[in-house]
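If you count the sequence shown from 1, you need to add 1176 to reach this note's numbering.
The beta carbon of each residue, even a glycine, is placed where N, CA and C say it ideally should be.
Bear in mind that the values here come from a model prediction, so they are computed numbers and not experimental data.
Notes for the one structure printed next.
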Amino acid sequence: MHKYGWRKNRKGSIEGLPLQLLIMIVIAAVGLGILLAWMNSISKPNAISRVVCEPRFIKSSVTDLDQEGTFDDPSLTVTVYDNKDGKLGGVNVQVYGLGVTVAGITSGDEGDMRGKVTLDISGGALPVGSASGELVVKVSKTDYGYKEVTVTVSRSSA
1177 MHKYGWRKNR
1187 KGSIEGLPLQ
1197 LLIMIVIAAV
1207 GLGILLAWMN
1217 SISKPNAISR
1227 VVCEPRFIKS
1237 SVTDLDQEGT
1247 FDDPSLTVTV
1257 YDNKDGKLGG
1267 VNVQVYGLGV
1277 TVAGITSGDE
1287 GDMRGKVTLD
1297 ISGGALPVGS
1307 ASGELVVKVS
1317 KTDYGYKEVT
1327 VTVSRSSA
């Protein structure tokens, strides 16, 4: 037997299992790079990012808990923004709770009114014995999903 083992050549080489592992690692790295590049090119889906209601708090000047607390300001303006912080037109807006059930669609016009709708909520009132309550504002648009926010209604302090 030769003094270096079975081989006469002492030069190193990659053979067998180490070579297969090296090839698999290279293929996996290339595949991972392609996958990450593809996923990075995918844009965010459209979504409703925020809903702004004015006024945020509605007051009732009826302070007596033995009477219904009608709203001082019978209108609610809702503005809807998308995930790029632009005003979003054509959004369905529903307001319900405390005897109010109204719906509207935000304006698609360009300018200050884009993404806004003003709804009449004069039919609502705080129930007898209740010091505060909430109106639920639900906004939705196809391909954008939906979002719910609440508007607090409370009796003014005497």
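Sub-9 Å separation of residue i and residue j beta-carbons
{"i": "Lys1263", "j": "Thr1282", "result": "yes"}
{"i": "Val1315", "j": "Val1254", "result": "yes"}
{"i": "Arg1331", "j": "Ser1251", "result": "no"}
{"i": "Gly1305", "j": "Leu1212", "result": "no"}
{"i": "Leu1302", "j": "Val1271", "result": "no"}
{"i": "Val1276", "j": "Gly1299", "result": "yes"}
{"i": "Val1267", "j": "Val1228", "result": "no"}
{"i": "Asp1285", "j": "Gly1309", "result": "no"}
Length of the line joining the Cα atoms of residue i and residue j
{"i": "Lys1323", "j": "Thr1239", "result": "32 Å"}
{"i": "Asp1258", "j": "Pro1231", "result": "20 Å"}
{"i": "Ile1203", "j": "Leu1193", "result": "15 Å"}
{"i": "Gly1321", "j": "Thr1246", "result": "32 Å"}
{"i": "Leu1311", "j": "Val1327", "result": "5 Å"}
{"i": "Asn1216", "j": "Ile1199", "result": "26 Å"}
{"i": "Asp1221", "j": "Asp1319", "result": "The identity of residue 1221 in the sequence shown is Pro, whereas the question assumes Asp. Approximately 8 Å, taken between the alpha carbons."}
{"i": "Ala1334", "j": "Ile1234", "result": "Confidence at Ala1334 is low in this model, with a pLDDT of 49, below 50, so its placement is unreliable and no value can be given for it."}
{"i": "Ala1223", "j": "Trp1214", "result": "22 Å"}
{"i": "Ala1307", "j": "Asp1249", "result": "17 Å"}
{"i": "Ser1225", "j": "Gly1273", "result": "23 Å"}
Beta-bridge partners of residue i, as assigned by DSSP
{"i": "Asn1268", "result": "Ile1281 and Ser1316"}
{"i": "Ser1298", "result": "DSSP lists no partner for Ser1298."}
{"i": "Phe1247", "result": "Phe1247 pairs with nothing; no bridge assigned."}
{"i": "Ser1330", "result": "Lys1235 and Ser1308"}
{"i": "Asp1258", "result": "Ile1224"}
{"i": "Glu1230", "result": "Thr1253"}
Sequence-distant residues of its chain with Cβ nearer than 8 Å to residue i (five each side left out)
{"i": "Val1269", "result": "Val1254, Val1256, Ala1279, Gly1280, Ile1281, Thr1282, Val1293, Leu1295, Val1313, Lys1314 and Val1315"}
{"i": "Gly1207", "result": "none"}
Contact test: residue i Cβ vs the ligand ZN heavy atom, cutoff 8 Å
{"i": "Gly1284", "result": "This structure does not include the ligand ZN; it has no bound ligands of any sort."}
Chain-order list of residues whose beta-carbon lies under 6 Å from that of residue i (same chain, five-residue window excluded)
{"i": "Lys1317", "result": "Val1267"}
{"i": "Gly1291", "result": "Thr1255, Val1256, Lys1263, Leu1264, Gly1265 and Thr1282"}
{"i": "Val1325", "result": "Val1227 and Val1313"}
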